[in-house]
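Visitor: Here our numbering runs 1200 ahead of the position in the sequence shown, where the first position is 1.
Cβ coordinates follow ideal geometry from the N, Cα and C atoms, glycine included.
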Amino acid sequence: MDCGLCEMIQCLAALAVVVLILVVLIAHFSASGMVDLRRHEKEKYFLTKDGEKEAFPSLQDPHSRELSVVVPSYNEELRLPVMMEETMEYLEKRQKQQSSFTYEVIVVDDGSKDKTTEVALNYTKKYGADKVRVLTLVVNRGKGGAVRMGTLSSRGKLILMADADGATKFADIEKVEAGLRNISPMLENMAIACGSRAHLEKDSVAQRSVFRTFLMYGFHFLVWFFCVKGIGDTQCGFKLFTREAALKTFSSLHVERWAFDVELLYIAQCFKIPIAEVAVNWTEIEGSKLVPFWSWLQMGRDLVFIRLRYITGAWKLESPRKAD
């Protein structure tokens, strides 16, 4: 009996080793190189209030605004106006109170099939292209790809990633700004402040099914085990970067869909860029693009692959590259 049990344990151990080797090989050889940052001709320009085309600047240029807000948007014609009204009201009020405060909002239409671009351009017409610019991607890249392309086109000293659903109260930017200022010391002026919903987790668990709660905790464990230490909520779509930190991290980003936040923070920790986590007000908004089971499964796979691909050298941390 004991011999049979020992043989079974040995077989299971051998099987586990074989599976691990297969996963490592699949992760390594299925990895693509750096994401192609070349733009379609239409993606190089934004429209002015009068419908004239002007070229987007580069993240590698010196900043000329205090704040850039990058809003990734996919089929958001219904939810975007609510978010934009709140955002523009706050930014306009702040500019009146602080004459030195300058800003821009870049709405990135990630290949939408609805009227997201038309809705966003209404704000260009209302406020002018110096304050609201629309970047329409010809092909859907995924949320991470949309954020990256918008960030690479920004002019801000600080760059805020903010979801189009408006789930986070926009005025909470003051909280993440304070979190950024409190980071000391900064390495080459690089720092990131992440909005966090971790403080709301206890209440959200009470409202979720057992299965969704299991998926959530499983995802948190994979994030901690494979990629990012010390951050309770990596997925909140409200993150503030110094311009230098954005250039350093987005230049090495490979993942362009749901798990891009995790790779972004993993890259930041590899470069020893300090990260602050700041509690923000957050409300769940109907219309999420996440498909509960399959999106979590895809993210779990990506988390494992992110770490393995860096360990095996399939992916490397890159120097800043300029988009074409």
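#1: Report the three-state DSSP secondary structure of Y1449 (helix, strand or coil).
#2: If contact is defined by three or more beta carbon pairs under 8 Å, each pair taking one atom from either stretch, is the region 1207-1221 in contact with the region 1313-1321?
#3: Can you tell me where the beta strand (DSSP E) with V1305 in it begins and where it stops?
#4: Can you tell me which of L1237, E1377, L1215 puts its alpha carbon nearest to the alpha carbon of F1450?
#5: Could you please give me the residues that DSSP links to A1213 through a beta bridge?
#6: When you compare each of Y1323, E1374, A1514, V1334 to D1309 by their alpha carbons, which one comes out closest?
#7: What would DSSP say about P1281, mapped onto helix, strand or coil?
#8: According to the neighbour-count rule (16 or more other Cβ atoms, all chains shown, within 10 Å of its Cβ), is Y1226 buried or exposed?
#9: Between which two residues does the alpha helix (DSSP H) carrying Y1323 extend?
#10: Please state whether the Cβ-Cβ distance between L1380 and L1358 is less than 9 Å.
#11: Using three-state DSSP, classify T1512 as helix, strand or coil.
#12: Check whether the Cβ atoms of K1249 and A1329 lie closer than 9 Å to each other.
#13: Report buried or exposed for H1240, applying the criterion of at least 16 other Cβ atoms within 10 angstroms of its Cβ.
#14: Do F1256 and K1244 count as a contact pair if the criterion is CB distance below 9 Å?
#15: Would you report the Cα separation of L1212 and V1504, rounded to the nearest angstrom?
#16: Going by C-alpha to C-alpha distance, which of G1345, T1368, Q1498 sits closest to G1418?
#17: Contact check, I1392 vs L1422 under 8 Å by CB: the rounded distance?
#18: Quick check on the DSSP output: what are the complete beta strand (DSSP E) runs of length 3 or more inside the region 1355-1382, in order along the chain?
Guide: With the given structure in hand:
#1: One point to set straight first is that residue 1449 is Thr, not Tyr, in the sequence displayed. In this structure, DSSP gives T1449 a helical state, which the three-state scheme calls helix.
#2: The region 1313-1321 vs the region 1207-1221: no contact.
#3: Segment 1303-1309, the beta strand (DSSP E) holding V1305.
#4: Looking at the Cα atoms, L1237 is the closest of the given residues.
#5: Paired residues: none, contrary to the question.
#6: Of the candidates Y1323, E1374, A1514, V1334, the one whose C-alpha sits nearest the C-alpha of D1309 is V1334.
#7: The answer is helix: DSSP assigns P1281 an H, G or I state.
#8: The sequence shown places Ile at residue 1226, not Tyr. By the 10 Å Cβ count, I1226 comes out exposed.
#9: Note, Y1323: alpha helix (DSSP H), 1316-1327.
#10: For L1380 and L1358, yes; Cβs fall inside 9 Å.
#11: The answer is coil: DSSP assigns T1512 none of H, G, I, E or B.
#12: With a cutoff of 9 Å on beta-carbon distance, K1249 and A1329 are scored as near each other.
#13: H1240 should be labelled exposed.
#14: Their beta carbons are under 9 Å apart, which means K1244 touches F1256 by this criterion.
#15: Taking C-alpha positions only, L1212 is separated from V1504 by approximately 21 Å.
#16: Cα-wise, what sits closest to G1418 is Q1498.
#17: Not a contact, Cβ separation roughly 21 Å.
#18: Those beta strand (DSSP E) runs which fall completely within the region 1355-1382 and span 3+ residues are 1356-1362.
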